[in-house]
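So the structure is just underneath, and the comments pick up after that.
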Ligand SMILES: NC(=O)c1ccc[n+]([C@@H]2O[C@H](COP(=O)([O-])OP(=O)(O)OC[C@H]3O[C@@H](n4cnc5c(N)ncnc54)[C@H](OP(=O)(O)O)[C@@H]3O)[C@@H](O)[C@H]2O)c1
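Residue numbers (our numbering): 1044 to 1346.
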C-alpha cells in the first residue's frame, strides 16, 4: 500500500465548522508493529471531534503561559523541573489563581467534582432537589473540595473527620460533623437523624454493612478507593437489583472540568486548602506526609 493515496476529509486549523472541512487525497498510513490497517466501512461523529476543531480542547498555548495541567496519571512527572503534558489536559491559569492553588485541582479537585456531579448528580448551580450527602475523610485532599462543591450544589452535608478538623470543615460549609474516633462517628449516624442519598467515600476500611442502615432507599456509596470487596459488592448488588449500592469511581480527567474548577477558584467560590508546602529538594518530606495519611487539604511541592 506504501505510496498509494486515499480520499480523506480533514481540517487544517481551528474554527470554521463544517465549511472548513476539506476533501483531500493523502497517503495511506502504514501501521506500526502493534497496529493494523483498516479498510473503513463506517465511522461516527462524536461531539469530541468538532470540539477539537473549535480549539476548546486545545487552547492556543504560548511559551510562557501559566497553566494547570493533568500530568500522566500513574506516570507522574511533577517532581521535576520540567514535565511533559498532553495539550488536551492543559488549561490556562489566570493570575488570580496561584500555582499552589492550581496544583491541587488536577486529580483531587477533579475527583471530587466527578463524584458529585456525575455520580451524585448534584448540580452546582443548586437547581437539583435537596440532597443529603455524607463525605468521609472530608478534611483530606479530595474531601475538602467535595465539601465546598456539595455546598455550591445546595446539598445538606455531613462529614467525618478527626476532632481537630471539626471547626475547619464547618468553616467550609459542613452542616453536621462526625468525629470518626467516636462510636457515633464510626457508625456514620447523622446527628440529626438524616439518611444519606449519597456518600462520597474518601477513606478506606468501612464495610458496606456500616453504610447500609444510614442510606436512603436508593442511597449510593461512591467509593474512591475501591478494593476487591467493593467490586464484589458492586457486582452482587447489580445482579440482585439492590437499590442501595456501592459504586467504584476512577477519575477521568477532562479539560472543561479543570477550566470550570479554575474559574470557581478565581471567583473565590472554591478554595484549595494547603496542608503544607515543601521545596522540591525536600520532596521526601511531602511523600512521608502523604503516606502518614493526616493531611488537612493538599500537600504541595514547590519548584
Ligand atoms: N478514584 C480515584 O480516581 C481517586 C482519585 C484521587 C484520590 N483517590 C483516593 O481517595 C482517597 C482520599 O484521597 P485524599 O487525597 O483525599 O487523601 P488524604 O488527603 O491523604 O486524606 C487525609 C485525611 O483523611 C483523614 N482520615 C483518615 N482516616 C480517616 C477516617 N477513618 N475517617 C475520617 N477521616 C479520616 C485524615 O484526618 P486525620 O488526620 O484527622 O486522621 C486526613 O485529614 C485515597 O484513598 C486516594 O487514593 C481516588
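Each residue gets a CB set at the ideal place from its N, CA and C atoms; glycine is no exception.
Owing to the predicted nature of the structure, the values given are computational and were not obtained by experimental measurement.
Nearest Cα to residue 1056 within the set 1269, 1096, 1340: 1096. Runs of beta strand (DSSP E) with 3 or more residues, each lying fully within the segment 1185-1220, are found at 1199-1204, listed in chain order. One thing to note: residue 1178 has its Cβ within 9 Å of the Cβ of residue 1189. As the crow flies, the alpha-carbon of residue 1209 is around 34 Å from that of residue 1280.
Counting the other CB atoms within 10 Å of its CB gives residue 1320 a total below 16, which places it among the exposed residues. For residue 1081, the secondary structure class from DSSP, reduced to helix, strand or coil, is coil. The way I'd put it, the segment 1152-1159 does touch the segment 1280-1295; three or more beta-carbon pairs between them come closer than 8 Å.
Residue 1276 sits in a helix when the DSSP states are folded into three classes. Considering only 1193, 1254, 1206, 1346, the residue with the shortest C-alpha distance to residue 1312 is 1193.
Cβ neighbours of residue 1223 within its own chain (closer than 7 Å, five residues either side excluded): 1203, 1204, 1205, 1229.
Taking the Cα positions, residue 1322 is about 24 Å away from residue 1305.
In terms of side-chain proximity, the C-beta atom of residue 1294 is found nearer than 8 Å to a non-hydrogen atom of ligand 1. Distance from the C-beta of residue 1312 to the nearest heavy atom of ligand 1 is not below 8 Å. Listed in chain order, the beta strand (DSSP E) elements of length 3 or more contained wholly in the segment 1121-1183 are 1133-1135, 1175-1179. Residue 1257 and residue 1283 do not touch by the CB rule: their CB atoms are close to 20 Å apart, not below 8 Å.
Boundaries of the beta strand (DSSP E) around residue 1112: 1110-1112.
The alpha-carbon of residue 1318 is positioned some 18 Å away from that of residue 1122.
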